[in-house]
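This report concerns only the one structure given below.
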Amino acid sequence: MNAVMFKTPLAIGIAVAGLALSGAASADTHGMEQRLAELEARIAAAEQRAADAEQRATLAETRAESGARPDADEVEERLARVERQASGEEGFSFNAYARSGLLLGEDRKSIPGGPYVTPAGPLGGAVGRLGNEGDTYVEGIFNYRMRYDNGARAHYRMMLADSVSTSNDWTADESNLNVRQVYAEFSELPSFTGVFENASIWAGKRFDRDNFDIHWIDSDFVFLAGTGAGIYDMQLADDWTSNLSLYGRSFSGFDLIGSDDPNAGSTDSLILTSNNYVGNWQFMVSGLSAADNDERDIGAGQTAADSGFHTMVAYHGDSFFGLGEGNFKAALIHGQGLGAEAKVLGADGALTDDAQATRLALGHGIILGSRLGAHAGRAGLL
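With the working numbering, the residue at position 124 of the sequence shown is 1331, and numbering never jumps.
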């Protein structure tokens, strides 16, 4: 009885131990299988990365063999394009000018001013613009320059300007905002050869490129502007270049002879100009025409001109009269009929056929130092 009782617990203990060992072995086998699966997954991922890298290397070799990589000339051209844009030779640029002044008299009220008048009154001659202009004037110039694949260049320009005399901050009722220039100019055209090789063509509304003035007193030697077209820099000889242009300006709001409708007249002034440079000399000839301008009422016994001419001979010196660094400009101008407006060509329609004007102008500047200079000028009618 006792023997039987002793063997039975022993058998039960051996069985329990066997079951425990079997469970532990099963758990170890499951963990090994899981780690093996993870290892296989990592190996597969590594193989995929290696395959991707090999594919990228093959693609790079193919591109290199096919010339997809930019050569030295292409890199140089791209660098040159960036440099041209940075220097303003290509791309967008903006220029601006502005002034604002307030001139007060002894009664502390605003008074008119200008290059020839100061708050102290007229002084018998030009005293300069700086500090003597009592208006607010602003202009902005928008430029876009580009070069085409064939080497041709294009320049597009628009200029906005406004001028008011009021001191108020809101000037909508007095504003004279307008578009003073809008044109396109093309140069270095491959089809231009011979005398036209260095020429440029333009069309639109603009100030002529070769206008010049005595800037510190705001007095033009000659001012040619309007809407039209032209060509610059025709090389007629080694030391002779020529420009040709046709500008149009408008005459409007004038009285007509025999008409009861005031300010009903309007016409256009056309200005054909040949501008020639031989060395330092400039020879400018213009013919003017305004159809039906002779119907303008300019007073009893007078007939308005419908044509005219304008001439100028100028010398552009590249030193201060040969005495030092600087420059000087001298011009002799003569006009008749519509050309008797000697400064701004085609701007005055109330001129007779026998109207004449002769003008002598001299402007000069001297360099006083690396950053200093002085300018002066005289202009008058003979």
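For every residue, glycine included, the Cβ atom is placed at its ideal position computed from N, Cα and C.
Fair warning: this is a prediction, and the values are worked out from it, not measured in the lab.
query = Does the distance from the CB of F1301 to the CB of I1348 come in under 8 angstroms?
reply = Cβ atoms of F1301 and I1348: closer than 8 angstroms.
ask   = CA-CA distance, E1296 and I1421?
value = For E1296 and I1421, the gap between their C-alpha atoms comes out near 28 angstroms.
message = If distances are taken between C-alpha atoms only, which option among N1385, E1346 and G1556 comes closest to A1303?
response = Looking only at N1385, E1346 and G1556, the smallest Cα-Cα distance to A1303 is reached by E1346.
request  = Leaving out five residues on either side along the sequence, give the residues of the same chain with a beta carbon under 6 angstroms from the beta carbon of Y1454.
outcome  = Result list for Y1454: G1433, G1435 and I1478, in chain order.
inquiry  = If the criterion is Cβ atoms closer than 8 angstroms, does the pair G1321 and N1339 meet it?
reply    = Judged by their CB atoms, G1321 and N1339 are nearer to each other than the 8 angstroms cut-off.
ask   = Is the number of C-beta pairs between the region 1525-1532 and the region 1553-1566 that are closer than 8 angstroms three or more?
value = The region 1525-1532, when compared against the region 1553-1566, does not touch it at the 8 angstroms Cβ threshold.
key: Uninterrupted beta strand (DSSP E) stretches inside the region 1462-1542 (no shorter than 3 residues)   = Given a length threshold of 3 residues, each whole run of the beta strand (DSSP E) inside the region 1462-1542 is given here in chain order: 1472-1485, 1488-1496 and 1514-1524.
inquiry  = Please return the same chain residues whose Cβ sits closer than 7 angstroms to the Cβ of W1488, not counting the five positions on each side in sequence.
reply    = Excluding sequence neighbours, W1488 sits near Y1522.
message = So, for I1318: in the same chain, excluding its five sequence neighbours on each side, which residues have a beta-carbon less than 6 angstroms away from its beta-carbon?
response = Answer for I1318: L1310 and G1312, listed in chain order.
request  = Let me know the secondary structure DSSP gives E1381 once reduced to three states.
outcome  = Reduced to three states, the DSSP call for E1381 is coil.
message = Please classify T1474 as buried or exposed, where buried requires at least 16 neighbouring CB atoms within 10 angstroms.
response = Buried.
task = Identify every run of the beta strand (DSSP E) within the region 1346-1419, keeping only runs that are complete inside it and at least 3 residues long; order them along the chain.
result = Complete beta strand (DSSP E) runs here, min 3: 1360-1371, 1385-1394 and 1407-1414.
request  = Could you work out which residue in I1540, A1549, S1307 and A1406 is closest to I1442 when comparing CA atoms only?
outcome  = For clarity, residue 1442 is Gln in the given sequence; the question names Ile instead. The closest CA to that of Q1442, considering only I1540, A1549, S1307 and A1406, is found on A1406.
inquiry  = With the cut-off set at 8 angstroms, would you say S1372 and G1341 are in Cβ contact?
reply    = In this structure, S1372 lies near G1341, with their beta-carbon atoms less than 8 angstroms apart.
ask   = For the beta strand (DSSP E) that R1315 lies in, which residues bound it at each end?
value = R1315 -> no beta strand (DSSP E), and no H or E assigned at all.
key: Per-residue burial, R1503 [other beta carbons within 10 Å of its own, 16 or more giving buried]   = By the 10 Å Cβ count, R1503 comes out buried.
inquiry  = Can you tell me whether A1251 is helix, strand or coil according to DSSP?
reply    = Residue state, collapsed to three classes: helix.
query = With which residues is M1441 paired in a DSSP beta bridge?
reply = DSSP output for M1441 lists S1449 as bridge partner(s).
query = Could you give the distance in angstroms between the alpha-carbon of D1513 and the alpha-carbon of G1411?
reply = Going by the C-alpha atoms only, they are around 24 angstroms apart.
key: For A1564 and G1544, believed in contact at Cβ under 8 angstroms, the rounded distance   = G1544 to A1564, Cβ: 10 angstroms. No contact.
query = By Cβ distance, which residues of its chain are closer than 6 angstroms to I1505, with the 5 residues on each side in sequence left out?
reply = Closer than 6 angstroms at Cβ, skipping near neighbours: A1511 and A1557.
Nearest-angstrom Cα separation, counted from D1376 out to N1418 = Those two C-alpha atoms are separated by around 34 angstroms.
ask   = In whole angstroms, what is the alpha-carbon distance linking D1561 and A1547?
value = In this structure, the alpha-carbon of D1561 lies about 9 angstroms from that of A1547.
query = Rounded to whole angstroms, how far is the Cβ of F1393 from the Cβ of R1360, which I believe are closer than 8 angstroms?
reply = That belief holds up - the Cβ atoms of F1393 and R1360 are roughly 7 angstroms apart, short of 8 angstroms.
key: For N1302: DSSP bridge partner residues   = I1348.
message = Please identify the residue among D1356, V1520 and S1426 whose C-alpha is closest to the C-alpha of F1490.
response = Nearest to F1490 by C-alpha distance, out of D1356, V1520 and S1426, is V1520.
inquiry  = Measuring only the C-alpha atoms, how far is A1537 from V1429?
reply    = Each residue's alpha carbon lies about 12 angstroms from the other.
task = Going by DSSP, name the residue or residues bridged to D1560.
result = When beta bridges are read from the DSSP output, D1560 appears opposite no residue.
request  = With distances taken Cα to Cα, identify the nearest neighbour of G1515 among Q1509, G1494 and A1498.
outcome  = Residue G1494 is the option with its Cα nearest to G1515.
inquiry  = Which residues does DSSP list as the beta-bridge partners of D1427?
reply    = Bridge partners of D1427: D1420.
query = V1282 by DSSP, collapsed to three states: which one?
reply = Helix at V1282.
key: In DSSP terms, what R1242 is bridged to   = Per DSSP, R1242 has no beta bridge partner at all.
key: S1398, buried or exposed, once every other Cβ within 10 Å from all chains shown has been counted against 16   = Burial check for S1398: the Cβ neighbour count within 10 Å stays below 16, so the residue is exposed.
request  = Return the residue from the list N1450, I1408 and Y1344 that minimises the CA-CA distance to A1368.
outcome  = Among N1450, I1408 and Y1344, the Cα nearest to that of A1368 belongs to Y1344.
message = Pop quiz: G1358 and I1424 are said to be a contact at Cβ under 8 angstroms. What is the actual Cβ separation, rounded to whole angstroms?
response = Not confirmed; about 42 angstroms, so no contact.
query = Measuring CA to CA, which of E1395, K1550 and R1387 is closest to R1413?
reply = For the residues E1395, K1550 and R1387, the minimum Cα distance to R1413 belongs to R1387.
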